Amino acid sequence: MQMTTSELRTAFLEYFRQQDHQIVSSSSLVPHNDPTLLFTNAGMNQFKDLFLGLEQRAYNRATSSQRCVRAGGKHNDLENVGYTARHHTFFEMLGNFSFGDYFKQDAIRFAWEFLTEVVKLPKDKLWVTVYATDDEAFDLWTKKMGVPEERMVRIGDNKGGQYQSDNFWTMGDTGPCGPCSEIFYDHGEHIWGGPPGSPEEDGDRYIEIWNLVFMQFNRHADGTMEPLPKPSVDTGMGLERIATILQGVHSNYEIDLFQALIKASAVAVGTDDLANKSLHVIADHIRSCSFLIADGVMPSNEGRGYVLRRIIRRAVRHGRKLGAEQSFFYTLVGALCEQMADAYPELNTQRVIIEKVLRLEEEQFARTLGRGLQLLEDAISELGDAKVLPGEVVFKLYDTYGFPADLTADVLRDRELSIDEDGFEVLMKQQRVRAKEASNFGVGYSKAIKIEGSTDFTGYEHLAEPAKVTALFKEGESVSALIAGEEGAIVLDKTPFYGESGGQVGDAGVIKLAEGLFVVKDTQKAGNGVLHLGTLELGTLEVGESVTAAVDSHRRQAIALNHSVTHLMHASLRKLLGEHVIQKGSLVGPDRLRFDFSHLEAVNAAELREIEDMVNRDIRANHAVSTQLMDLDTAKGAGAMALFGEKYDDEVRVVSMGDASTELCGGTHVQRTGDIGLFKIVSESGIAAGIRRIEAVTGDGALAYLHQLNTELAHTAGLVKGDLFSVADKVKQNLERSRQLEKEVEQLKAKLTAQAGTALLEQVIEINGTKVLVADLDGVDGKSLRGSLDDLKVKLQSGIVVLATVNEGKVSLIAGVTKDLTAKVKAGELVNLVAQQVGGKGGGRPDMAQAGGTEPAQLPSALASVGPWLTERL
């Protein structure tokens, strides 16, 4: 059945919607609150807490088309991308998920029905694998779906109770796991390769298209497997792979989406060779780079930014190989938007910043290539008689300068040299291991606090609430009671305390017992519950006890001022700087706010002033702050801004501030913008490539900040004998006077040094017919030695000069040799003779060299050694 890639994505999601699955939007490529992943690399990532039982949602069936990035690991080496039929840095994973709802029978039925009835793949072309001991899945495929046993393959074994990795999926060393069932498509006898499980399985005839994971067990640290009370399903099918089959082609790069990008790439670099593998590389890389930038990743030398930089530079190099002389990569963003913006509208909203980042990075790489070539030339000059460039140099060129190993080899080949391929490969393998480790789950989830049930949040309406204690924790372990003096965490059936989320810090306050008091220092969310963290100051507290939870109202109000103003500031930034501005993080506390956003350049003083004015105008307008609950699609349709990468439930809270701002937000806010009182920006800075940060204060905090500024300004005015409004002129006058005096002092020093230099000519001696001057210029500035040396060499016309001075316990040395004598004496050797004796070292040209030292007491004897040393050489 012929389908475009876009039609296939829609058909998949629509099929599962009809099977009562909730369509969930793709999450960001930067995993949400998951430090264990470098990038989102599977459809299940955003549902991980659901599978772990740490979160609950309004649905228990979901489907998605998840964008993923894999740029490392055993089967995803970047070097393979573009040269094989199915390697990609970016791909889309179609998936359907069951969170304790249906299990193997329905998962198998859905997959078979979609493949054979919706997209109408021939049944006799499909092969299925199951885990070796999974008789249940085997029977469902053969007896229910009618798959012949000769097209069924059992893979993996279970030796001594230890489950093997083949066809058995695990989230990590511990946690949910279970058997897999994979569906393969047979491309036909004309393609080499054997069925799964055979010696020829690595061929291209049988291609895996869908993997069904049956989460059936919870694996403990000791290896024991405990059946899960609510088995779940996680599936994944590569959109590009299934499109390849449906469109009757054999390579992913032949599908409609890639063909459009390849043609655009060919035009951009100026080639007609559409089959060139370099065009495959460029077409793949424009997808991963654009989506990574849209999700807030910027090129850098570490972490996610480092991976992005590597991918961009690889694409640019392949463009250069095809003849591109100017920046071209950023021009492909438009073609990508034409293909994918319907499904991912953020490509259009972020198009300006994506293009700008790619263009700047490509221009920078052009400059970096020049520096890499210079480093290579230096390394070649140090080889001497050797014929092989060490692997560590090749790797440094590749890793630091983006200089490909094959290009290094080409340069060396012209000089009959080669690279240490084995040494380079060892370092590359180490890098791949690091990348793979960075992409694995690494958290011991069994140690996380798991809360049964949920806590009802009442803090939008109330700041005090009667409640019942449903659980107590001490040092992370569940306990039945806390006694006075103990620190712990309390879970209530309902609470007015806001748990930290969305950048807003958790509430503080007290929980009152009948005869005691628990002081809440922080509030955190845990699954669907809320943890009140603090100390029991008085009494004894037991599970089931009735209490009263009371939030610190003054602190809550201060937080609300700062949170509400972030909405106004976000809107103002987008109006002034452009719609590419997207919130990339925030911290809202009682004393100040921190707001991170995407923008490539520093926000200048005039722009910051305008932002302040715009926000304060909205504050004075005293807009009513209203909240509404509505479904996510309706909210977006009403213009509510969603923070990309955040997870939202089906029903969302929309916070509106007149016509100034409308955002999805679960935080606490003021009732009217006028409550904020005053807004003042404290600082603006860059925290990463393309990410800026503004820190600001509001209300009483803003007033206190202005009072402090006024006090400091008044104090400065007093020091310069001015008033508040003339202090700038007074400071300017003092600076100009100071600079004038410094200039006069330098002139006097130079004059004194010149006079001293003339007097020094009387100390010139001759060693074997050569004029030599060795002198300690007591009290002369070390910076003036160079001028004295040049003057003396001119006056001597032919000779050798060594000058020294001591300032603040440090020795400064300089040596000069006129050109006619450098064949006999090198200034660098001479200055080091003295420097080594005064605890230092130095270097320079044959005719001039400088050095320093830390042992001035040794200077007289060191200078005295110059004469004998020169006598041996002249």
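Residue numbers (UniProt numbering): 1 to 874.
The beta carbon of each residue, even a glycine, is placed where N, CA and C say it ideally should be.
Because the structure is a prediction, the values reported are computed rather than measured.
Close Cβ partners of residue i (< 7 Å) along its chain, the five nearest in sequence each way excluded
{"i": "D186", "result": "K125, W127, R205 and Y206"}
{"i": "V670", "result": "A560, L561, S564, V625 and I676"}
{"i": "T5", "result": "L239, A243, I255, D256 and L257"}
{"i": "H75", "result": "Summary for H75: the model assigns pLDDT 40, below 50, so the residue's position carries little reliability; its value from the coordinates is reported in the next sentence. Hits under 7 Å: none found."}
{"i": "G782", "result": "T805, N807 and S812"}
{"i": "V731", "result": "V720"}
Under the three-state DSSP convention, the category residue i falls into
{"i": "Q164", "result": "Confidence in Q164 is poor, its pLDDT being 45 and thus under 50, which makes the residue's placement unreliable; the coordinate value appears in the next sentence. Reduced to three states, the DSSP call for Q164 is coil."}
{"i": "M298", "result": "coil"}
{"i": "F329", "result": "helix"}
{"i": "P122", "result": "coil"}
{"i": "T10", "result": "helix"}
{"i": "T428", "result": "Here the sequence assigns Met to residue 428, which means Thr is not the residue at that position. Residue state, collapsed to three classes: helix."}
{"i": "R17", "result": "helix"}
{"i": "D101", "result": "coil"}
{"i": "V615", "result": "helix"}
{"i": "W141", "result": "helix"}
{"i": "E363", "result": "helix"}
{"i": "V269", "result": "helix"}
{"i": "A438", "result": "In this prediction, A438 has a pLDDT of 47, which is less than 50 and means its spatial position is unreliable; what the coordinates show is noted afterwards. Three-state DSSP puts A438 in a helix."}
{"i": "S683", "result": "strand"}
{"i": "N76", "result": "Low confidence applies here, because N76 scores a pLDDT of 46, under 50, leaving its location unreliable; read the following figure in that light. Note: N76 maps to coil in three-state DSSP."}
{"i": "T400", "result": "helix"}
{"i": "M44", "result": "coil"}
{"i": "I691", "result": "strand"}
{"i": "E579", "result": "coil"}
{"i": "V443", "result": "For V443, the predicted structure reports a pLDDT of 39, less than 50, and the residue's modelled location is therefore unreliable. The matter cannot be settled from this model."}
Residue interval of the alpha helix (DSSP H) (run including residue i)
{"i": "D106", "result": "K104 to E113"}
{"i": "Q708", "result": "G699 to L719"}
{"i": "F51", "result": "K48 to F51"}
{"i": "Y306", "result": "G303 to K321"}
{"i": "residue 902", "result": "There is simply no residue 902 to check, as the chain begins at 1 and stops at 874 in what is shown."}
{"i": "V530", "result": "Taken as a continuous stretch (DSSP letters only), V530 belongs to no alpha helix (DSSP H), being part of the beta strand (DSSP E) at G529 to L538."}
{"i": "I451", "result": "Per DSSP, I451 belongs to no alpha helix (DSSP H) and is neither H nor E."}
Expected contact under 8 Å - CB spacing of residue i and residue j to nearest Å
{"i": "A635", "j": "A571", "result": "Going by Cβ atoms, the distance from A635 to A571 rounds to 16 Å, so no, they are not a contact pair."}
{"i": "K771", "j": "L803", "result": "Not confirmed; about 14 Å, so no contact."}
{"i": "P196", "j": "E182", "result": "7 Å"}
{"i": "G842", "j": "T854", "result": "Their Cβ separation, rounded to whole angstroms, is 13 Å, which puts G842 and T854 out of contact at 8 Å."}
{"i": "A602", "j": "S300", "result": "17 Å between Cβ atoms; not a contact."}
CB of residue i within 8 Å of CB of residue j, strictly
{"i": "F597", "j": "V615", "result": "no"}
{"i": "G178", "j": "G95", "result": "no"}
{"i": "W169", "j": "V213", "result": "yes"}
{"i": "G372", "j": "L397", "result": "yes"}
{"i": "A107", "j": "V233", "result": "yes"}
{"i": "A260", "j": "V119", "result": "no"}
{"i": "G667", "j": "Q504", "result": "yes"}
{"i": "L50", "j": "F99", "result": "yes"}
{"i": "H567", "j": "E663", "result": "yes"}
{"i": "A696", "j": "K680", "result": "yes"}
{"i": "residue 919", "j": "A864", "result": "The first residue shown for the chain is 1 and the last is 874, placing residue 919 beyond what the model contains."}
{"i": "K512", "j": "T548", "result": "yes"}
{"i": "L531", "j": "L517", "result": "no"}
The beta strand (DSSP E) enclosing residue i, as first and last residue numbers
{"i": "A815", "result": "K810 to V817"}
{"i": "N807", "result": "I800 to N807"}
{"i": "residue 905", "result": "Only positions 1 to 874 of the chain appear in this structure, which leaves residue 905 out of reach."}
{"i": "G488", "result": "E487 to L492"}
{"i": "S478", "result": "E477 to V479"}
{"i": "E208", "result": "Y206 to R219"}
{"i": "S546", "result": "S546 to V551"}
{"i": "S181", "result": "G175 to D186"}
{"i": "R61", "result": "R61 to V69"}
{"i": "L587", "result": "Q583 to V588"}
Residues of its chain near residue i, where Cβ-Cβ distance is below 6 Å and the 5 sequence neighbours each way are ignored
{"i": "G459", "result": "P496 and Y498"}
{"i": "G867", "result": "none"}
{"i": "E545", "result": "V469"}
Own chain partners of residue i with C-beta closer than 8 Å, once the 5 adjacent residues on each side are dropped
{"i": "L472", "result": "S478, V479, S480, A481, L482, G488, A489, I490, V491, L541, E542 and V543"}
{"i": "A714", "result": "L724"}
{"i": "L29", "result": "F39, T40, R67, C68, V69, F291, L292, D295 and V297"}
{"i": "M630", "result": "A638, E651, V652 and V654"}
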